[in-house]
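Chains as they are written, first to last, in the working numbering: chain A, 128 to 516; chain B, 128 to 516.
Every residue, glycine too, gets a C-beta built ideally from N, C-alpha and C.
Source: prediction; values computed, not measured.
2 protein chains.
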Amino acid sequence: MTIPEDIPAINHRIESLVGTHLAAPAGTHIPQSCSPIYRTVQDQGIISNEGGKRLRARLLLTIYDAIQGDRSNDRSNVMDLACAVEVFQTAALVHDDIIDNSDLRRGRPSAHVALAAALGQLTGHSDDDALPSAVGHITHIGAGLGIMLGDLLSTASIGIVNETVSKLEHSEGILQAFLRMHREVEIGQVLDLAVERVPLDEPGRLAEASLAVFRWKTASYTTVAPLTLGMLAAGIQPCIGSDSPSHAGEGTDMAEAIGSRLGTAFQLADDLLDVIGEPERIGKPTGGDIREGKRTVLLADALTMADRTDREYLAKVFAAETRDGNDVERITRIFDESGAIDKSRRRISQLWSDVRGSIELTAQALRMSDDSRDSVVRCCSLFIPQTLR
Amino acid sequence: MTIPEDIPAINHRIESLVGTHLAAPAGTHIPQSCSPIYRTVQDQGIISNEGGKRLRARLLLTIYDAIQGDRSNDRSNVMDLACAVEVFQTAALVHDDIIDNSDLRRGRPSAHVALAAALGQLTGHSDDDALPSAVGHITHIGAGLGIMLGDLLSTASIGIVNETVSKLEHSEGILQAFLRMHREVEIGQVLDLAVERVPLDEPGRLAEASLAVFRWKTASYTTVAPLTLGMLAAGIQPCIGSDSPSHAGEGTDMAEAIGSRLGTAFQLADDLLDVIGEPERIGKPTGGDIREGKRTVLLADALTMADRTDREYLAKVFAAETRDGNDVERITRIFDESGAIDKSRRRISQLWSDVRGSIELTAQALRMSDDSRDSVVRCCSLFIPQTLR
């Protein structure tokens, strides 16, 4: 488990790295009349990186520490690697909020909304202006600057890794794994848009597709990549049990075995809490996914398990443009009474049990101490609320 | 100068590399119900990469060949590096077209427009549908898929370079230079949006800012990076005249000296041809930038050099939402009669003369043969129409 000082250290280091990697390179010149707007984008880059729980960075550091123990002279470099994963997450979220038209992120205005507001102030327009065309224009510029901020943060995350690999004791495969994570998340975002188009009259396919997409869009960077990168930095190839490097693909990928299940359980829990969570604990009102008409595993299970009247209602109400408060209430009740919520609970606790098993096998294969193994279990447990494990 | 076979070879190699780098990685699984949409995005990735003149790839290969001569066993790897620059350009254009609301690119629907249309077909909606909300939805999904395609292509371009550096004879600094190019272009796109907000009553600042932004948004990946990467792949550090590596920044950067001027001249010529070009040669009607109200160096110069009546007219008409055909005609006449067009011509021919001088110095410093030097001059000349050199 990461030490308590790690979270402030991660936050501090992220701010410093983002500042460096979003700055104009040495020897270049930004014209004075453009610098207020570029400064606004840089500042938003720092702000958008604030406020996360740093679960991904902590998982990377925890698996590294569990393998490497106290023998490490390399931990500050591994810290940078952990920060790079967090910066990549921010890049992905900035683009995701534009794609999903989300105005809020971590309780604050999302990046493109904040950029539109800041630009309105800089240029004397605002959303309060009477001219709708000016407002639409500013909104569009906000999205434009948000796209570029996401691109800058994505490049920054790779730049951080590229600078770090030259300093790491074990660097083989790290940049490649980091780029693979980028690719998987980007494919996952496309698949997530595709899932929204799976017909509701085939709930079995919807459940299968949703669960598969969790591996791409969530587990990839939340759990699989942090575990893979932490292992590689500790000099361990995540694949074991293969006889030769050329057969590496045939072995068991330890990071995949733990990470794909943990990441899937994490996303299932996130979707479940959106329906049954306490608003003050999850930091937003429940039912948000239902209002948005999101195709979740819960919905797919309810479409399979509910009685005919409820199934027909669900199909109709999720095909509509919007759902009101009464709909949210009735849908939540159907999710509960059909057994879909219980099924999600069972899915999550089965996955968590599998994760425990995979950690045990990994700990044996890597000859971890019991303390080290327990620290990995504790860190992984942070991804799933206690009541759902 | 690149050999005639290079262009088909570049096209062929780009298609193959994009196909590989946009595919699901080995051992992963895309759920069947999502695969038609992902396939559409992959196909669009190939299509968006078609049709360029490959000037950037050819410049990279030309400077490499000029330094390396016939001694190269490495040319197929350098070819991949050249392709990576082209793939990055496509990534940037896909995002740029979303930001600029551009429906066309290289005479075809731009990526996000094509993706919206393809998705409409897949899911049975289309722009012809009567429901405006469905159309707006599809358009927004098109932008969402376009953002992700740009991200995928950007990651692919870095992935290509990362695979190539391990095979190159001289790889030092190459990935770093490629990531710097990414960062410079991304900053340049932000600055380009900022230039649109420079007040028209300060045309001197507008001209200065526009010219500075050309270095960021155009020269960076069009000329400076291809020259830098080609030199590095040939084992040459672009900085000469410094005594020690720690003073590298103090020497003359040959790629910068040639590239920043050539790229600036290229962009000035592009803006000038938009006003005075023959529509059939530039592949689009003239006056497009004027209709869009783009802040160009031509406009800044005209605002400085025209008489008071014309200046006031320009300030008023460029502050308006739209400009019609009569405006385009009058503005074009003012650009001409104020001497702004002549000034752009003089700027371009001065820059071209400086480029020639910098090539000469570089050829001497690197002890190039006259043939090699001439091939560099010929390749650089492709960036500026003959009538403007």
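Query raised in the report: Nearest CA to the CA of A/P522: which residue from A/L149, A/R166, A/G178?
Result: In the structure as shown, chain A begins at 128 and stops at 516. Residue 522 of chain A is therefore absent and cannot be evaluated.
Query raised in the report: Which residue's Cα is closest to the Cα of B/D463: B/D437, B/A447, B/A446, B/G452?
Result: B/D437
Query raised in the report: Taking DSSP as the reference, what is the three-state secondary structure of A/L231?
Result: strand
**Report entry** Rounded C-alpha distance that separates A/S371 from A/L306
**Finding:** Bear in mind that the predicted position of A/S371 carries a pLDDT of just 46, short of 50, making it too unreliable to give a figure here.
Report task. Return helix, strand or coil for A/I274, following the three-state DSSP convention. Result -> Helix, per DSSP.
Query raised in the report: Would you say the region 355-366 of chain A touches the region 317-334 of chain A, given that touching needs at least three Cβ pairs under 8 Å?
Result: no
Report task. Hey, could you find the ends of the alpha helix (DSSP H) A/Q303 is sitting in? Result -> Its alpha helix (DSSP H) spans residues 301-322.
Report task. Excluding the 5 residues preceding and the 5 following B/I265 in the sequence, name in chain order all residues of the same chain whose CB lies nearer than 7 Å to its CB. Result -> If the five residues before and after B/I265 are omitted, its C-beta is found closer than 7 Å to the C-beta atoms of A243, L246, G247, H252, all from its own chain and listed in chain order.
Requested in this report: Name the two residues that bound the continuous alpha helix (DSSP H) containing A/E487.
Outcome: 467-492
Report task. Give a yes or no on whether 7 Å exceeds the smallest Cβ distance from B/I274 to chain A. Result -> yes
Requested in this report: Using a Cβ-Cβ cut-off of less than 9 Å, give me the residues of the region 265-289 of chain B that come near chain A, in sequence order.
Outcome: H267, I268, A270, G271, L272, I274, M275, L276, G277, D278, L279, S281, T282, A283, I285, G286, N289
Report task. Note down, in chain order, every chain A residue with its Cβ under 7 Å from the Cβ of B/L306. Result -> T282, I285, G286, N289
Report task. Counting only the same chain and skipping the five closest in sequence on each side, list residues whose C-beta sits under 6 Å from that of A/A209. Result -> A184, L187, L188
Query - A/R342 - containing alpha helix (DSSP H), residue span - result: Counting along the chain, A/R342 falls outside any alpha helix (DSSP H), and DSSP gives it neither H nor E.
Query raised in the report: Could one say the Cβ of B/I226 lies closer than 7 Å to chain A's Cβ atoms, at least one of them?
Result: yes
**Report entry** Touching by the beta-carbon criterion (3+ pairs, under 8 Å), the region 454-463 of chain A and the region 416-430 of chain A
**Finding:** For the pair of segments examined, the region 454-463 of chain A was found to touch the region 416-430 of chain A: the number of CB pairs separated by less than 8 Å reaches three.
Query raised in the report: Which of helix, strand or coil does DSSP assign to B/T423?
Result: DSSP places B/T423 in the coil class of the three-state scheme, outside both helix and strand.
Report task. Can you check DSSP and say which residues form a bridge with A/I367? Result -> Residue pairing for A/I367: DSSP places it in a beta bridge opposite A/T379.
Query raised in the report: When the Cβ atoms of the region 272-287 of chain A are set against those of the region 143-158 of chain A, are three or more pairs found closer than 8 Å?
Result: yes
Query raised in the report: Any idea what DSSP makes of B/R460, helix, strand or coil?
Result: In this structure, B/R460 counts as helix in the three-state DSSP scheme.
**Report entry** Within chain B, the residues that A/C507 reaches when beta carbons sit closer than 8 Å
**Finding:** Per Cβ cutoff of 8 Å: no residues; A/C507 is ~22 Å from chain B at best.
Query raised in the report: Got a sec, what are the start and stop residues for the alpha helix (DSSP H) A/I164 sits in?
Result: 162-175
Query raised in the report: Which term fits A/Q491, buried or exposed, when burial requires 16 or more other beta carbons within 10 angstroms of its beta carbon?
Result: exposed
Query raised in the report: Where does the unbroken alpha helix (DSSP H) through B/E296 begin, and where does it stop?
Result: Careful: B/E296 lies outside any alpha helix (DSSP H) and carries neither H nor E.
Report task. Spell out whether any CB of chain B is found under 7 Å from the CB atom of A/A427. Result -> no
Query raised in the report: Three-state secondary structure (DSSP) at B/P236?
Result: strand
Query raised in the report: Roughly how many angstroms separate the alpha carbons of B/I511 and B/N204, rounded to a whole number?
Result: 28 Å
**Report entry** Assumed close pair A/A193, A/S502 - CB separation to whole angstroms, cut-off 8 Å
**Finding:** Contact between A/A193 and A/S502 holds, since their C-beta atoms are separated by about 6 Å, short of 8 Å.
Report task. Within the same chain, show all residues whose beta-carbon is closer than 7 Å to that of A/D434, passing over the 5 residues directly before and after it, in chain order. Result -> none
Requested in this report: At 7 Å on the CB atoms, spell out the chain B contacts of A/E419, in chain order.
Outcome: Around A/E419, no beta-carbon contact reaches into chain B at under 7 Å, the shortest distance being about 13 Å.
Query raised in the report: Which residues, taken in chain order from the region 307-320 of chain A, show a beta carbon closer than 8 Å to some beta carbon of chain B?
Result: R307, H309, R310, E311, E313, I314, Q316, V317, L318, L320: these are the residues of the region 307-320 of chain A whose beta carbon lies less than 8 Å from some beta carbon of chain B, given in chain order.
Requested in this report: Work out the CA separation of B/E142 and A/W479 for me, nearest whole Å.
Outcome: 42 Å
Report task. Keeping to the same chain, check which residues put their C-beta closer than 8 Å to that of B/K249; ignore five residues upstream and five downstream. Result -> Note that residue 249 of chain B is Leu in the sequence shown here, rather than Lys. Cβ contact annotation for B/L249 (same chain, cutoff 8 Å, sequence separation greater than five): P163, I164, T167, in chain order.
Query raised in the report: How about A/A517: is its C-beta nearer than 7 Å to some C-beta of chain B?
Result: In the structure as shown, chain A starts at 128 and stops at 516, and residue 517 of chain A therefore has no counterpart that could be examined.
Requested in this report: Under the assumption that B/L333 contacts B/A427 (Cβ atoms under 8 Å), give the Cβ distance between them as a whole number of angstroms.
Outcome: Indeed they touch by this definition, with Cβ atoms about 4 Å apart.
Query - B/G386 - DSSP class collapsed to helix/strand/coil - result: In the structure shown, B/G386 sits in a helix (DSSP, three-state: H, G or I).
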